[in-house]
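The working numbering puts the sequence shown at residues 8 to 283. A virtual CB, placed ideally from N, CA and C, is assigned to each residue, including glycine. All values reported here derive from a predicted model rather than from experimental measurement.
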Amino acid sequence: AGDVAAEVVMSRQVAAQRSFLLVEGVDDRRFFQSRLAQAACEIVVSGDKANAVGAIQLLDRRAFRGAVAVVDDDCDSLDGRGGGSANLIATDAHDLECLLLRSPALDGVLSEYAAADKLRALEGRGLGLREMLLARGLPFGRLRWLNARHDFRVNFERCGPYRFVDRETWEVREADLRAEFRAAGCPLAEAELVAALAALPEVDPWRVCQGHDLVDILTIGLKGVLGPGHNNNLQSAQVSAVLRQALRPADFAGTGLHRELLGWEQRNSPFRLLAA
Numbered sequence: 008a009g010d011v012a013a014e015v016v017m018s019r020q021v022a023a024q025r026s027f028l029l030v031e032g033v034d035d036r037r038f039f040q041s042r043l044a045q046a047a048c049e050i051v052v053s054g055d056k057a058n059a060v061g062a063i064q065l066l067d068r069r070a071f072r073g074a075v076a077v078v079d080d081d082c083d084s085l086d087g088r089g090g091g092s093a094n095l096i097a098t099d100a101h102d103l104e105c106l107l108l109r110s111p112a113l114d115g116v117l118s119e120y121a122a123a124d125k126l127r128a129l130e131g132r133g134l135g136l137r138e139m140l141l142a143r144g145l146p147f148g149r150l151r152w153l154n155a156r157h158d159f160r161v162n163f164e165r166c167g168p169y170r171f172v173d174r175e176t177w178e179v180r181e182a183d184l185r186a187e188f189r190a191a192g193c194p195l196a197e198a199e200l201v202a203a204l205a206a207l208p209e210v211d212p213w214r215v216c217q218g219h220d221l222v223d224i225l226t227i228g229l230k231g232v233l234g235p236g237h238n239n240n241l242q243s244a245q246v247s248a249v250l251r252q253a254l255r256p257a258d259f260a261g262t263g264l265h266r267e268l269l270g271w272e273q274r275n276s277p278f279r280l281l282a283a
């Protein structure tokens, strides 16, 4: 965090009126770089959420003006954890990928990679694609939420969708997922784990599901039950890139994140963030 804050302070010495948007990672920079006033705003990749938050806290203590961080909510709002700074903005879904999947940008991915007849057949069973995607993401998201609440410190590299979503049926092997979660460090017995998951509050699934999980699940579906048959080499990174590119300015303007960024601009004139 100290290195990130120092980078911002040093950059200000050569650009007195430039604002700084701190983000967690490279994909976040890719999301924002075409949506900001590039001559007036510099994006700083912090490396992770803790660095972004810590850097803003350090800059706040110096009364530094013109820097703001955007971080993933990561269920913080569900558990009453606030940012504590007017220069810290959290996504209005779990993360940026969820914001994209919730938006019409998903239609751009489906136009590119889905088979229309297969999509119609699946949706003809009564659920839209977003609802089906969320239903498959929730077993992973609720485990992540439980893991964070109880500090089990389970490594989710062992519990990702590519291991537990069946490519042929697009169904989640939930019992196997829970067994791996326990093997990876959760101290609860199976019955205790099921009870703990059931005790989690029923909330907006877009705040529970992790966006990377949803992109992986969507990619698995596009390789199988949703795809035309030639998507075998499709990668999650390609799906994420199309999502970012397919988000139209009007759709971004309708998000809570855009409203928060616009509000920050209005409170911090003359510093600018958003492209005209």
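Item	Value
Identify whether Cys-105 lies in helix, strand or coil by the three-state DSSP scheme.	helix
Determine, using beta-carbon pairs with one atom in the region 200-217 and one in the region 102-112, whether at least three such pairs fall under 8 angstroms.	yes
State buried or exposed for Val-33, treating a residue as buried only when at least 16 other CB atoms are found within 10 Å of its CB.	exposed
Reducing DSSP to helix, strand and coil, say where Phe-27 ends up.	strand
Are the beta-carbon atoms belonging to Ser-110 and Asp-220 less than 7 angstroms from one another?	no
Mind reading off the beta-carbon distance from Ile-50 to Leu-140? Whole number of angstroms is fine, and I expect it under 8 angstroms.	About 29 angstroms separates the two Cβ atoms, so there is no contact after all.
How should Ala-206 be labelled, buried or exposed, when 16 other C-beta atoms within 10 angstroms of its C-beta is the threshold for buried?	exposed
Who pairs with Leu-95 in a beta bridge, going by DSSP?	Ala-76
Quick one: complete alpha helix (DSSP H) runs, 4+ long, within the region 216-254?	218-230 and 243-253
Under 6 angstroms Cβ to Cβ from Trp-271, same chain only, skipping five residues before and after it: list those, please.	Val-75
Going along the chain, which residues of its own chain have a beta-carbon closer than 7 angstroms to the beta-carbon of Arg-151, five neighbours each way excluded?	Phe-163 and Gln-217
One question on the structure: do Ser-53 and Leu-29 come within less than 7 angstroms of each other, judged by their Cβ atoms?	yes
Using the Cα positions of Gly-89 and Asp-124, report the straight-line distance between them to the nearest angstrom.	45 angstroms
State the Cα-Cα distance for the pair Ser-26 and Gly-167, rounded to the nearest angstrom.	37 angstroms
What first and last residue would you give for the beta strand (DSSP E) that runs through Val-52?	48-52
Can you tell me which of the three DSSP states Leu-195 falls into?	coil
If distances are taken between C-alpha atoms only, which option among Thr-262, Ala-253, Asp-79 and Thr-98 comes closest to Asp-114?	Ala-253
Would Ala-93 and Val-78 qualify as a contact pair, given that the criterion is a beta-carbon distance under 7 angstroms?	no
When the Cα of Val-116 is compared with those of Ala-203, Ala-248 and Ala-191, which residue comes out closest?	Ala-248
If we call anything under 7 angstroms between Cβ atoms a contact, is Val-232 one with Phe-188?	no
In the DSSP output, which residue or residues are listed as bridge partners for Val-172?	Val-179
Exposed or buried, what is Val-15 when buried is set at 16 or more other beta-carbons lying within 10 Å of its beta-carbon?	buried
Are the beta-carbon atoms of Ala-47 and Arg-279 separated by less than 7 angstroms?	yes
Tell me, please, which residues DSSP counts as bridged to Leu-281.	Leu-43
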